[in-house]
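Position 188 of the sequence shown, counting from 1, maps to 188 under full-length UniProt numbering, and the rest follow consecutively.
Note that CB positions come from ideal geometry on N, CA and C, so glycine has one too.
Accompanying notes for the structure given below.
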Amino acid sequence: MTAPLANWPWQFLGSHKYFLYGPFVAHLLIEWWKGESITNTWCFHLLLLCVLRCGIHQLWHTFCSMHFLSHKRRINHQGVDFKQIDHEWDWDNFIILQALIGAIMVYMFPTLTNWRIVWNTRGLIVALLLHMVVSEPLYYYIHRLFHTHNYFFNSYHLLHHSSPVLHPFTAGNATFLEQIIMVIILGIPVLGCGLIGHGSISLVYIYILGFDFIRCMGHSNVEIFPHQFFEALPLFRYLIYTPTYHSLHHSAKDSNFCLFMPFYDLLGNTLNDNSWELQKQFSLNSGKNVKVPDFVFLAHIVDITSAMHVPWLFRGFAAMPYSTKWFLLPVWPYTFIVMLAMWAWAKTFAVTFYNLRGKLHHTWVVPRFGFQYFLPFATKGINKQIEQAILKADRMGVKVLSLAALNKNEALNGGGTLFVNKHPNLRVRVVHGNTLTAAVILHQIPKDVDEVFVTGATSKLGRAIALYLCRKQVRVLMLTLSTERFQKIKKEAPVDFQKYLVQVTKYHAAKNCKTWIVGKWITPREQSWAPKGTHFHQFVVPPILHFRRDCTYGDLAAMKLPHDVLGLNTCEYTMERGVVHACHAGGVVHFLEGWTHHEVGAIDVDRIDLVWEAALKHGLKPV
C-alpha cells in the first residue's frame with residue numbers, strides 16, 4: 001500500500017496535467033479582454049515564473065548533456081539511461097504544485113505582495129537572512145530525518161535517490177509530501193518579506209529562480225567550481241555547496257544533508273571528510289585522463305525538425321522514436337537559422353554516448369542536413385568535414401569509425417574509399433557497415449520467395465543483395481537503365497547462377513512480384529505498380545512514403561543492441577529504444593570482433609553471412 005501523500009494527486013492525468021495551468025491562462029485572457037494590463041496581475045507573474053523555472057532546468061540539462069562541453073568535468077561518467085528518464089518523467093510536477101499554492105496564497109492574503117513594486121533592496125537582504133537562518137536549518141533537519149527513519153526514507157525519499165546519475169531534472173523528482181515541505185521552505189523568505197512590508201517583484205523572481213539555479217547546479221554531475229576559488233576564500237566552503245559535495249550525499253547517503261550551505265553539516269557533524277579533497281581532484285583532473293571512445297558512429301541530420309531530436313535539447317523527445325510534433329513548430333524558424341549558421345561554419349560534434357562491454361561508444365554528428373548531400377556544390381565541404389572527423393578520431397585513438405547513410409554515399413566519396421586512399425596510414429578503421437545492412441535485409445526475406453524486384457540495383461547494397469540472392473537461386477529483377485553496369489554485376493556472379501539476374505527498365509515489369517527491395521526513393525505512382533499484398537523492404541534514406549494500404553512496409557534495416565548496454569538515452573532517429581541502424585550495428589560488430597581491415601567501397605558478398613553470425617554472437621538481435 002502506498003504511503004499517504006506519496007503519489008501526486010494528478011498522477012492519473014498523465015500529460016494532460018498541463019491543463020492545470022488552464023485557469024491561469026483563462027484569467028489572463030479575461031483581463032486582456034477587459035483592456036487591463038496583464039503584466040500587473042499575479043497570474044501573469046506566476047505563469048512567467050513557471051516558464052522561467054522550466055527554462056533554467058532545461059538550460060542546465062542542455063549544458064550537462066553536451067558531451068563536448070561537460071565531459072571533462074563530469075563526476076559520474078555513467079550516462080543517464082532510458083530507465084532513469086522514465087523514472088524522472090514527471091520532474092516538473094513541483095512547478096505546477098508551487099504555482100497552484102502560490103495562486104491560493106495570493107487569493108487568501110492579497111496584501112502580502114505588492115506586484116507593482118519592482119525593487120526593494122531591504123527585502124532582498126531580509127530574504128537572504130531568512131533563508132540562511134530559517135530555511136537552511138529547517139531543510140537540514142527534515143532532510144536528515146527522512147534519511148534516519150527507514151519508513152520515511154523507503155516511503156518517500158527513496159524515489160529521489162533512485163536515480164543512479166545526478167541530473168538537473170533529478171532535483172525536482174520527489175514525492176508529493178516532500179514537495180509540500182519544499183514549498184514551505186521556499187516560501188518562508190518570500191512570505192516573511194511580504195509580512196514585514198518589504199516584498200517586491202524582483203524578490204520573488206530572484207529568490208525563486210536563484211533557488212532553482214543552485215539546486216540544478218548541485219544535481220548537475222559536472223564540477224564547475226575551480227579548487228583555487230575555495231583555497232583563496234576558504235569561508236565559502238561552508239556557504240555554498242558544490243556538485244561534488246552533493247554527489248557524495250547521493251553515493252554515501254549518510255552525510256552532506258544541507259540544502260545549499262555545508263555550514264549546517266559542519267554543525268551537525270554530518271560533513272563528509274572527503275568533500276573538499278574530492279572536489280579538488282575533480283578540478284585538477286579536468287581535461288586529463290579523458291576517456292577516448294573506442295567506437296564512433298558518424299551520423300548526420302536528416303531534416304530541420306529531426307535536428308531537435310538531439311538529447312541535449314528535449315530529453316523526453318529524444319528518448320522516444322522521432323516523429324514530427326506540433327510543439328516543435330514554434331522552434332522551427334530558430335532551428336532554420338541555426339541550420340544556416342551551421343552551413344556557414346560548423347565542426348563535427350558529439351551528441352550521445354553509451355557503454356558496451358566496458359568500452360565507450362560515441363555518436364558524432366556532421367552538421368549537415370539531408371538535402372545538402374544532394375547539392376553538387378556542397379560535396380567538397382561535406383567530404384572535408386567527414387575527413388576532419390576521421391582524422392580527429394585517428395588522433396584520439398578511436399579504433400573504429402562507422403559512417404551513417406549519406407556520409408558514405410557512393411557519389412559523395414565512394415563509400416568511404418576516398419578517405420582510405422587519401423590517408424593510407426590511418427590507425428582508425430573506417431567502416432560503412434553495409435555488409436551487415438545487406439545481411440539484415442536478406443534475412444528479412446522469407447525463404448520461400450523465388451523472385452524479388454530491386455530498385456537502386458547497381459548501388460553497393462543493391463549489387464550485394466542481387467549477387468547473394470542469385471546464389472540462392474532467387475530470380476532478381478534489377479531495375480537499371482545502365483546495361484553496362486548490369487552486365488558488370490552479372491559477370492561477378494558464378495556462371496551457373498547468372499541466369500537468375502534479370503535487367504528491367506520499367507516498374508511495370510514487377511507488377512506480379514510481391515517482394516520489392518527499395519534502394520532508390522520511389523513515388524506513390526511508382527509504388528502503384530506493385531501487386532496487392534506486396535512487402536516493401538527498403539534501404540533508402542529518407543524512407544519511402546507508406547502510400548499503399550493494401551501493402552506492407554518494412555523499416556530501415558536495424559538491429560537491437562545487446563541488453564548489457566549502459567547509458568543509452570536517445571532513440572536513433574525513428575528507431576525504437578535500444579535499436580540502431582544496421583550500418584551503426586555493423587561498426588559495433590567490426591569493433592567487437594577486432595577486425596583490422598577497412599570496410600569501404602564494394603561489399604564483399606562472401607562476408608555477409610560471416611558478419612551476420614558475428615552480430616548474433618555478440619548479442620545483437622534482428623528487429
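{"Check": "From the DSSP output, which residues share a beta bridge with residue 517?", "Outcome": "454 and 537"}
{"Check": "Where does residue 354 fall in DSSP's three states?", "Outcome": "strand"}
{"Check": "Alpha carbon to alpha carbon, how far is residue 356 from residue 564?", "Outcome": "7 Å"}
{"Check": "Within 8 Å, do at least three Cβ pairs link the segment 318-333 to the segment 41-56?", "Outcome": "no"}
{"Check": "Residue 347 by DSSP, collapsed to three states: which one?", "Outcome": "coil"}
{"Check": "Is the segment 378-386 touching the segment 361-368, taking contact as three or more C-beta pairs under 8 Å?", "Outcome": "yes"}
{"Check": "Could you tell me which residues DSSP puts in a beta bridge with residue 552?", "Outcome": "535"}
{"Check": "Excluding five sequence neighbours on each side, which residues of the same chain lie with their C-beta closer than 6 Å to the C-beta of residue 352?", "Outcome": "311, 363 and 570"}
{"Check": "Residues in its own chain within less than 7 Å of residue 31 by CB, not counting five upstream and five downstream?", "Outcome": "38 and 41"}
{"Check": "Taking DSSP as the reference, what is the three-state secondary structure of residue 708?", "Outcome": "Only positions 1 to 623 of the chain appear in this structure, which leaves residue 708 out of reach."}
{"Check": "Using the C-alpha atoms, what's the distance from residue 372 back to residue 305?", "Outcome": "15 Å"}
{"Check": "Roughly how many angstroms separate the alpha carbons of residue 549 and residue 520, rounded to a whole number?", "Outcome": "21 Å"}
{"Check": "I'd like the span of the beta strand (DSSP E) that includes residue 299, first residue to last.", "Outcome": "295-301"}
{"Check": "For the structure I just gave you, are there three or more beta carbon pairs, one from the segment 247-260 and one from the segment 226-236, closer than 8 Å?", "Outcome": "no"}
{"Check": "Only counting the same chain, and skipping five residues up and downstream in sequence, which positions put a Cβ closer than 8 Å to that of residue 396?", "Outcome": "292 and 293"}
{"Check": "What residues in its chain sit with their C-beta under 6 Å from that of residue 20, if we drop five residues either side in the sequence?", "Outcome": "96"}
{"Check": "Quick one: which unbroken alpha helix (DSSP H) runs of 4-plus residues sit fully inside the UniProt domain \"Fatty acid hydroxylase\" (129-270)? Chain order, please.", "Outcome": "136-148, 158-161, 176-195, 201-218, 227-232, 243-252 and 263-267"}
{"Check": "From 302, 611 and 559, pick the residue whose C-alpha is nearest to that of residue 622; which is it?", "Outcome": "559"}
{"Check": "Using C-beta distances below 8 Å, list every residue in its chain close to residue 485, excluding the 5 sequence neighbours before and after it, in chain order.", "Outcome": "458"}
{"Check": "In or out: residue 495 buried (at least 16 other Cβ within 10 Å) or exposed?", "Outcome": "exposed"}
{"Check": "Can you give me the C-alpha to C-alpha distance between residue 375 and residue 118, rounded to a whole angstrom?", "Outcome": "54 Å"}
{"Check": "Report the option in 23, 29, 234 and 541 whose CA atom is closest to the CA atom of residue 405.", "Outcome": "541"}
{"Check": "Alpha carbon to alpha carbon, what distance is there between residue 424 and residue 442?", "Outcome": "32 Å"}
{"Check": "Compare the C-alpha of residue 528 against each of 204, 506 and 419 and name the closest.", "Outcome": "506"}
{"Check": "Tell me the DSSP secondary structure of residue 291 in three-state form.", "Outcome": "coil"}
{"Check": "Where do the N-terminal and C-terminal ends of the alpha helix (DSSP H) with residue 105 fall, by residue?", "Outcome": "93-108"}
{"Check": "How big is the Cα-Cα spacing for residue 171 and residue 15?", "Outcome": "20 Å"}
{"Check": "Using a Cβ-Cβ cut-off of 7 Å (strictly less than) and excluding sequence neighbours within five positions of residue 483, which residues of its own chain qualify?", "Outcome": "503"}
{"Check": "Alpha carbon to alpha carbon, how far is residue 290 from residue 566?", "Outcome": "18 Å"}
{"Check": "DSSP on residue 467, reduced to helix/strand/coil?", "Outcome": "helix"}
{"Check": "Look at the Cβ atom of residue 193, then the Cβ atom of residue 123, and state whether they are nearer than 7 Å.", "Outcome": "yes"}
{"Check": "Would DSSP call residue 359 helix, strand or coil?", "Outcome": "strand"}
{"Check": "For residue 321, write down the residues that DSSP places opposite it in a beta bridge.", "Outcome": "Its beta-bridge partners do not exist; DSSP assigns none."}
{"Check": "Could you pull out every unbroken alpha helix (DSSP H) segment of at least 4 residues lying fully inside the segment 352-411, listed in chain order?", "Outcome": "379-396"}
{"Check": "Going by Cα to Cα distance, which pick from 551, 36, 544 and 300 is closest to residue 573?", "Outcome": "300"}
{"Check": "Is the CB-CB distance between residue 400 and residue 187 below 7 Å?", "Outcome": "no"}
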